[in-house]
Amino acid sequence: MPRPIRASIDLEALRHNYLLARAKAGSARAFAVVKANAYGHGLDRAVRALGPLADGFALLDLAEAWALRQAGLTQPIALLEGFFEPADLPVIAELGLTPVIHSEAQLAMLERAGLETSIDVMLKVNSGMNRLGFNRTTFDAALARLRVLACVGQITLMTHFARADDEEGIGAQMAMFKSLAGGLGHPLSLANSAALLRFPEATGELVRPGIMLYGGSPMPDMYSAEDLGLMPVMTLGSEIIAVQALAAGDRVGYGGTFEADGPMRIGIVACGYADGYPRHASTGTPILVGGRRTRTLGRVSMDMLACDLTHLEEAGVGSPVILWGNGLPADEVAAAAGTISYELFCALASRVPVTVLGD
Ligand SMILES: *Cc1c(COP(=O)(O)O)cnc(C)c1O
Numbered sequence: 019m020p021r022p023i024r025a026s027i028d029l030e031a032l033r034h035n036y037l038l039a040r041a042k043a044g045s046a047r048a049f050a051v052v053k054a055n056a057y058g059h060g061l062d063r064a065v066r067a068l069g070p071l072a073d074g075f076a077l078l079d080l081a082e083a084w085a086l087r088q089a090g091l092t093q094p095i096a097l098l099e100g101f102f103e104p105a106d107l108p109v110i111a112e113l114g115l116t117p118v119i120h121s122e123a124q125l126a127m128l129e130r131a132g133l134e135t136s137i138d139v140m141l142k143v144n145s146g147m148n149r150l151g152f153n154r155t156t157f158d159a160a161l162a163r164l165r166v167l168a169c170v171g172q173i174t175l176m177t178h179f180a181r182a183d184d185e186e187g188i189g190a191q192m193a194m195f196k197s198l199a200g201g202l203g204h205p206l207s208l209a210n211s212a213a214l215l216r217f218p219e220a221t222g223e224l225v226r227p228g229i230m231l232y233g234g235s236p237m238p239d240m241y242s243a244e245d246l247g248l249m250p251v252m253t254l255g256s257e258i259i260a261v262q263a264l265a266a267g268d269r270v271g272y273g274g275t276f277e278a279d280g281p282m283r284i285g286i287v288a289c290g291y292a293d294g295y296p297r298h299a300s301t302g303t304p305i306l307v308g309g310r311r312t313r314t315l316g317r318v319s320m321d322m323l324a325c326d327l328t329h330l331e332e333a334g335v336g337s338p339v340i341l342w343g344n345g346l347p348a349d350e351v352a353a354a355a356g357t358i359s360y361e362l363f364c365a366l367a368s369r370v371p372v373t374v375l376g377d
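Counted the way my numbering counts, the sequence shown spans residues 19 to 377.
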């Protein structure tokens, strides 16, 4: 029998979440962000599941875009970091991809490429995140240079928010973006998941939801995924493979960081950090055993972790465990590990077998 750990990916939930994003987007198009292997959910299966529902897709890697075109995908595909060398450009043109142009170096490559087919592009404004894009002093000239290029079709103006998910919000970045990009007659693309859900004024003509498609809340401190109407797509499950009886003073796991203060029964789960479970999840992280909520104990090992069965008399070897997903939001587990659901999903290890639901 294989080790009992398994991830299930619910494609119905993915479609549900995409349709919710699309409904929020109103008349704007919604490109499903499927970078990082669809946030760990599997690029091919995510794209196949969304199929013709999606207005388009966004990712980073040219080879991935190539594979999607080979598989027959016809919708627009945006490349969120654009291209990296001149040789990428003929491929982009042939595949009909939509690269982001965020730097002087990319502009220069495009000007020298001599493309015969025209490509749509997204010109990126650095409105305050200070990662990628043209700023107050460089934007106008960059746009003018794109406009005169015969090989450039539609130019969408885009930016990305740093704090759409917190109390700061998007006000300052919106003002900066509008001052540069507003009223020029180009379509605008601003919103990630958090902005799409919180700030209708940031919808523009094209939105770029990512985490919400996978059922993670983009702002778990304000709203749970359930509050937002999102369904979990990935459920990570395993089983109890051993049970130990502890007496007061007994310790659990590496470093002995958890000490029993009285008699306890604990379960050992076949799931560890080499499966993608966060090692920084400390004692007390929620976990479901036989559908009931309990807590993890001690340090997470490479292949195992421990949980408290003291009050779960019926639980024992073979009891089903849910690490996150159905019945236990990944956002809660992430918070207990000092991270965000994005990181848990992306870190799902390749050794974990996947079951696909709703194919
Ligand atoms: C990753 C990414 C998104 C999606 O962000 P979420 O917070 O997952 O919705 C949107 N736009 C850009 C440019 C991105 O890099």
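Heads up, the beta-carbon is just placed ideally off N, CA and C, and yes, glycines get one too.
Taking the alpha helix (DSSP H) that residue i belongs to, which residues open and close that run?
i, result
"Met192", "189–199"
"Ala81", "80–88"
"Arg63", "61–68"
"Glu112", "106–113"
"Asp9", "With the chain covering 19 to 377 only, the question about residue 9 has no answer from this structure."
Report buried or exposed for residue i, applying the criterion of at least 16 other Cβ atoms within 10 angstroms of its Cβ.
i, result
"Asn55", "buried"
"Thr312", "buried"
"Gln191", "buried"
"His204", "buried"
"Met19", "exposed"
"Met320", "exposed"
"Asp28", "buried"
"Thr116", "buried"
"Tyr291", "buried"
"Val166", "exposed"
"Thr253", "buried"
"Pro238", "buried"
"Pro250", "buried"
"Asn148", "exposed"
"Pro304", "buried"
"Val335", "exposed"
"Tyr57", "buried"
"Arg317", "buried"
"Ser368", "exposed"
"Asp184", "exposed"
"Asp326", "buried"
Rounded to the nearest angstrom, what separates residue i and residue j at their Cα positions?
i, j, result
"Leu346", "Arg21", "22 Å"
"Arg216", "Pro236", "10 Å"
"Ile258", "Gly280", "22 Å"
"Val287", "Phe276", "16 Å"
"Thr135", "Ala159", "23 Å"
"Ser300", "Thr314", "7 Å"
"Ala265", "Val225", "56 Å"
"Cys289", "Tyr295", "7 Å"
"Ala131", "Thr177", "25 Å"
"Leu77", "Ala50", "9 Å"
"Leu330", "Arg310", "8 Å"
"Ala352", "Gly255", "16 Å"
"Phe157", "Gly90", "36 Å"
"Ala83", "Ala123", "22 Å"
"Leu113", "Pro104", "15 Å"
"Leu125", "Leu208", "21 Å"
"Gly146", "Leu206", "17 Å"
"Gly44", "Leu246", "17 Å"
"Gly356", "His59", "22 Å"
"Leu161", "Met194", "16 Å"
"Gln88", "Arg47", "24 Å"
"Leu248", "Gly233", "5 Å"
"Val372", "Ala333", "25 Å"
"Phe102", "Ala260", "50 Å"
"Asp293", "Leu366", "6 Å"
"Ser337", "Gln262", "14 Å"
Does the beta carbon of residue i fall short of 8 Å from some heavy atom of ligand 1?
i, result
"Tyr57", "yes"
"Ser26", "no"
At which residues does the beta strand (DSSP E) containing residue i begin and terminate?
i, result
"Leu246", "From DSSP, Leu246 is part of no beta strand (DSSP E); its letter is neither H nor E."
"Arg47", "47–51"
"Phe25", "Position check: residue 25 holds Ala in this sequence, whereas Phe was assumed. It spans 24–28 - the beta strand (DSSP E) in which Ala25 sits, taken as one unbroken run."
"Asp138", "137–142"
"Met176", "170–176"
"Val382", "Outside the shown range of the chain, which is 19 to 377, sits residue 382, and nothing can be said about it."
"Arg310", "310–315"
"Val287", "282–287"
| said: Considering only heavy atoms of ligand 1 and the C-beta of each residue, which residues fall inside 7 Å, strictly closer? | reply: Qualifying residues come out as Val51, Lys53, Ala76, Leu98, His178, Asn210, Ser211, Ala212, Arg226, Pro227, Gly228, Ile229, Met230, Pro236, Tyr360.
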